Amino acid sequence: MTTDSFYDRVHQVVRLIPSGRITTYGAIAAYLGSKGSSRMVGYAMNNSFTAIPQVPAHRVVNRQGLLSGKAHFGSPTLMQQLLENEGIKVIDDKVVDFKILFWDPATELDF
DNA sequence: GAGGTGACTGCGA
DNA sequence: CTCGCAGCCACCT
Numbered sequence: 001m002t003t004d005s006f007y008d009r010v011h012q013v014v015r016l017i018p019s020g021r022i023t024t025y026g027a028i029a030a031y032l033g034s035k036g037s038s039r040m041v042g043y044a045m046n047n048s049f050t051a052i053p054q055v056p057a058h059r060v061v062n063r064q065g066l067l068s069g070k071a072h073f074g075s076p077t078l079m080q081q082l083l084e085n086e087g088i089k090v091i092d093d094k095v096v097d098f099k100i101l102f103w104d105p106a107t108e109l110d111f
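Under this note's numbering, think of the first position of the first sequence as 1, with each following residue one higher.
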């Protein structure tokens, strides 16, 4: 099953992100219990494309609301396209009203 | 078994 | 204000 991996933990949390919302690596890391392991979240995303079902990684941005992972999509603009498709406005590779669209698993899931 | 990597974050100068 | 450095932890070779 291999679902015991830290990867799948992140994948599942990201999949729980509602459409039109976004979250941060630190929020996911903190939700998993390790706030300092924000890098692990990004590292997990590296497998997100191979994960099934695929993970809406475009809904995950850095602490600044910047599309830090856009470079890992098929195209550097693909991530922005997907976000705009969700109704999220992106300017200069940055999410508008990021703090308003911010979806914190630790708060929304209230765990 | 050990080393290197990484889609981040926070703090210091 | 902008730039740089160190910490963090799991996965991969």
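The beta-carbon is built from N, C-alpha and C at its ideal position, and this holds for glycine as well. Bear in mind that the values here come from a model prediction, so they are computed numbers and not experimental data.
Asked                                                                                       : Found
PHE49 (DSSP reduced to helix, strand or coil)                                               : coil
Boundaries (first-last residue) of the alpha helix (DSSP H) holding THR107                  : 105-108
Span of the alpha helix (DSSP H) around PHE102                                              : That residue, PHE102, is in no alpha helix (DSSP H); it is neither H nor E in DSSP.
Whole beta strand (DSSP E) elements within the stretch 61-96, 3-residue minimum             : none
Cβ separation of ASN62 and THR23, assumed to be a contact under 8 Å, to the nearest whole Å : Actually they do not touch by this definition, with Cβ atoms about 11 Å apart.
Residue of GLU108, VAL95, LYS89, ASP8 minimising C-alpha distance to ASN47                  : ASP8
Simplified DSSP assignment, three categories, for ILE22                                     : strand
Burial state of GLU84, where buried means 16 or more other Cβ atoms lie within 10 Å         : exposed
As assigned by DSSP and simplified to three states, the class of LEU32                      : helix
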